[in-house]
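Quick note: the sequence shown, position 244, residue 244 per the UniProt record's numbering, numbers continuous.
We put the CB at the ideal spot given by N, CA and C, even for glycine.
Bear in mind that the values here come from a model prediction, so they are computed numbers and not experimental data.
Reading through the structure tokens given below for one structure.
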Amino acid sequence: MLKTTLRPGLGVSQAVAIQSEPMSSYWRHRRRSHGSGSFHNLSEAVSNVPNTTDEHTIFLFPGVYREQVLISRLNGPLVLQGYTCNTKLYAANEVTITHAKAQRDIPPEITSGRNDLTSTLRLKTNDVKVYNLNVANTAGRFLENGQAVATIIEGNNYGFYACNFTGHQDTVYANKGRELFARSYISGDVDFIFGTFAEAWFESCDIEPVGPGCITANGRVDGSNPSFYVFNNARVFGSSGNGTAYLGRPWRPYSRVVWQNSEFSDVIHPDGWQEWPNDNNTANVYYKEFNNTGVGAATDKRVSFSGVLDAAVPITQILGENYPNEWVLARKTEKSHD
Numbered sequence: 001m002l003k004t005t006l007r008p009g010l011g012v013s014q015a016v017a018i019q020s021e022p023m024s025s026y027w028r029h030r031r032r033s034h035g036s037g038s039f040h041n042l043s044e045a046v047s048n049v050p051n052t053t054d055e056h057t058i059f060l061f062p063g064v065y066r067e068q069v070l071i072s073r074l075n076g077p078l079v080l081q082g083y084t085c086n087t088k089l090y091a092a093n094e095v096t097i098t099h100a101k102a103q104r105d106i107p108p109e110i111t112s113g114r115n116d117l118t119s120t121l122r123l124k125t126n127d128v129k130v131y132n133l134n135v136a137n138t139a140g141r142f143l144e145n146g147q148a149v150a151t152i153i154e155g156n157n158y159g160f161y162a163c164n165f166t167g168h169q170d171t172v173y174a175n176k177g178r179e180l181f182a183r184s185y186i187s188g189d190v191d192f193i194f195g196t197f198a199e200a201w202f203e204s205c206d207i208e209p210v211g212p213g214c215i216t217a218n219g220r221v222d223g224s225n226p227s228f229y230v231f232n233n234a235r236v237f238g239s240s241g242n243g244t245a246y247l248g249r250p251w252r253p254y255s256r257v258v259w260q261n262s263e264f265s266d267v268i269h270p271d272g273w274q275e276w277p278n279d280n281n282t283a284n285v286y287y288k289e290f291n292n293t294g295v296g297a298a299t300d301k302r303v304s305f306s307g308v309l310d311a312a313v314p315i316t317q318i319l320g321e322n323y324p325n326e327w328v329l330a331r332k333t334e335k336s337h338d
């Protein structure tokens with residue numbers, strides 16, 4: 001029988017079910033046998049994923065899960081599915097994984113992996129699809145607390161669909177492998193989408209700067225590094241004030257980011273991009289824009305180390321020629337942020 005628990009202070013029943021059937025058959029299966037395993041939090045469910053090469057699904061029932069979650073290397077693919085009544089809209093999500101931890105909370109004697117230790121959701125395995133989850137780090141702003149990561153992605157082949165990531169500095173650590181973010185929401189202020197090796201495609205995402213700073217800090221270290229962030233059909237808006245946000249700055253000297261077919265509000269500074277403080281490492285950056293609209297999209301005052309493309313970057317350059325069979329694009333390029 002499916003187990004539920006009422007957590008003090010939450011006022012909602014919550015449970016996690018784990019099963020190894022496709023989601024299309026899950027509801028029939030649950031009615032018949034109440035799932036093949038049920039747990040009270042995501043960490044417990046992850047620790048009980050069978051050690052096989054089969055794909056397994058963890059279904060999260062409505063609620064707020066206050067925990068730090070580490071998903072280490074698994075032998076098979078994994079699906080995380082949050083409860084929702086509308087799978088296409090992140091605003092309809094009813095599952096939140098949240099924690100509050102920042103650099104200031106990490107003991108000073110720990111000198112490596114400090115960002116990892118702040119993260120709410122740490123993803124270290126391969127072949128993961130995440131649907132309709134809110135992931136938050138509520139530690140607060142950088143000046144008071146230091147970096148505070150919502151999620152770290154350090155595996156290959158990740159898809160996030162109608163997800164919501166909230167934080168301040170370093171919200172999403174898109175660090176390794178191929179990654180797709182579709183119809184999702186990401187907020188932060190300083191370098192809140194960053195990483196060093198990932199090839200990431202952001203499709204029809206809402207990006208909200210909530211304070212002054214840069215959206216991206218791509219850390220591509222040299223010309224052989226595959227890292228590339230492409231934002232397609234994005235909507236960038238914010239309440240931090242006119243011209244307070246930038247599209248990116250180079251964490252490393254070969255930083256590579258493209259914004260295309262997107263809508264920028266006046267939150268984007270006319271310069272568009274920034275240098276890294278005290279490090280004029282812009283000679284080899286690749287910062288390009290194409291066919292963007294809105295008040296913040298004018299390129300006539302952009303910095304000299306950025307440019308405009310003649311054509312959009314194709315999705316196959318990031319996700320591969322076989323992407324229609326390997327990835328779900330949430331109705332592909334349908335642009336609706338309702």
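Of the listed residues the options, nearest to residue i (C-alpha basis)
i: residue 286; options: 297, 253, 261; result: 253
i: residue 84; options: 156, 205, 62, 322; result: 62
i: residue 228; options: 196, 247, 271; result: 196
i: residue 141; options: 102, 132, 267; result: 102
i: residue 92; options: 133, 57, 113; result: 133
i: residue 165; options: 188, 147, 154; result: 188
i: residue 128; options: 73, 314, 214; result: 73
i: residue 232; options: 48, 314, 326; result: 314
i: residue 281; options: 301, 298, 256; result: 256
i: residue 193; options: 149, 163, 226, 212; result: 149
Span separating the alpha-carbon of residue i from that of residue j
i: residue 159; j: residue 289; result: 24 angstroms
i: residue 279; j: residue 251; result: 10 angstroms
i: residue 77; j: residue 304; result: 44 angstroms
i: residue 66; j: residue 98; result: 5 angstroms
i: residue 31; j: residue 242; result: Per-residue confidence for residue 31 stands at a pLDDT of 30, beneath the threshold of 50, marking its modelled position as unreliable; the derived number appears in the next sentence. Answer to the nearest angstrom: the Cα atoms are 52 angstroms apart.
i: residue 220; j: residue 320; result: 20 angstroms
i: residue 156; j: residue 125; result: 7 angstroms
i: residue 245; j: residue 40; result: 40 angstroms
i: residue 184; j: residue 81; result: 14 angstroms
i: residue 283; j: residue 222; result: 12 angstroms
i: residue 22; j: residue 90; result: Bear in mind that the predicted position of residue 22 carries a pLDDT of just 41, short of 50, making it unreliable; the figure below should be weighed with that in mind. Near 21 angstroms, if we compare the C-alpha coordinates of residue 90 and residue 22.
i: residue 206; j: residue 167; result: 14 angstroms
i: residue 323; j: residue 311; result: 20 angstroms
i: residue 295; j: residue 174; result: 28 angstroms
i: residue 268; j: residue 236; result: 8 angstroms
i: residue 25; j: residue 154; result: Only weak support exists for where residue 25 lies, its pLDDT of 33 falling under 50; the coordinates are left without a value.
i: residue 29; j: residue 44; result: Bear in mind that a pLDDT of 30 at residue 29, under 50, signals an unreliable position, so the number given afterwards is only what the model happens to contain. Rounded to whole angstroms, residue 29 to residue 44 spans 21 angstroms at the Cα level.
i: residue 226; j: residue 198; result: 7 angstroms
i: residue 333; j: residue 204; result: Here residue 333 scores only 39 on pLDDT, less than 50, and its place in the model should not be relied on; the value that follows carries that caveat. Their backbone Cα atoms lie some 7 angstroms apart in a straight line.
i: residue 308; j: residue 42; result: 44 angstroms
i: residue 13; j: residue 180; result: With a pLDDT of 37 at residue 13, under the threshold of 50, the modelled position of that residue is not reliable, and the figure given next carries that caveat. Near 31 angstroms, if we compare the C-alpha coordinates of residue 180 and residue 13.
i: residue 301; j: residue 88; result: 36 angstroms
i: residue 58; j: residue 200; result: 24 angstroms
i: residue 327; j: residue 273; result: 31 angstroms
i: residue 118; j: residue 208; result: 21 angstroms
Residue range of the unbroken alpha helix (DSSP H) whose run includes residue i
i: residue 43; result: 42 to 47
i: residue 83; result: Where residue 83 is concerned, there is no enclosing alpha helix (DSSP H), given that its DSSP letter is neither H nor E.
i: residue 268; result: Residue 268 -> no alpha helix (DSSP H), and no H or E assigned at all.
i: residue 319; result: 316 to 319
i: residue 325; result: 323 to 326
Whole-number beta carbon distance between residue j and residue i, since they are thought to touch under 8 angstroms
i: residue 152; j: residue 116; result: 6 angstroms
i: residue 341; j: residue 293; result: In the structure as shown, the chain begins at 1 and stops at 338. Residue 341 is therefore absent and cannot be evaluated.
i: residue 136; j: residue 96; result: 6 angstroms
i: residue 145; j: residue 104; result: 5 angstroms
i: residue 259; j: residue 234; result: 7 angstroms
i: residue 51; j: residue 75; result: 6 angstroms
i: residue 169; j: residue 120; result: Not a contact, Cβ separation roughly 14 angstroms.
i: residue 212; j: residue 239; result: About 12 angstroms; that fails the 8 angstroms criterion.
Per-residue DSSP class, three states only, for residue i
i: residue 118; result: helix
i: residue 272; result: coil
i: residue 1; result: Because the pLDDT at residue 1 is just 24, under 50, the model does not fix this residue reliably, and the value given afterwards should be weighed accordingly. In this structure, residue 1 counts as coil in the three-state DSSP scheme.
i: residue 79; result: strand
i: residue 155; result: coil
i: residue 303; result: coil
i: residue 144; result: helix
i: residue 73; result: coil
i: residue 279; result: strand
i: residue 104; result: helix
i: residue 150; result: coil
i: residue 296; result: helix
i: residue 139; result: coil
i: residue 203; result: strand
i: residue 29; result: Residue confidence is low: residue 29 scores 30 on pLDDT, short of 50, so the model does not pin down where it sits. Its coordinate-derived value is still stated next. Residue state, collapsed to three classes: helix.
i: residue 123; result: strand
i: residue 263; result: strand
Residue interval of the beta strand (DSSP E) (run including residue i)
i: residue 158; result: 158 to 161
i: residue 90; result: No beta strand (DSSP E) holds residue 90; DSSP gives it neither H nor E.
i: residue 206; result: 206 to 209
i: residue 182; result: 178 to 182
i: residue 260; result: 256 to 260
i: residue 237; result: Premise fails: residue 237 is in no beta strand (DSSP E) and is neither H nor E.
i: residue 164; result: 164 to 166
i: residue 174; result: 172 to 174
i: residue 245; result: 245 to 248
i: residue 128; result: 128 to 131
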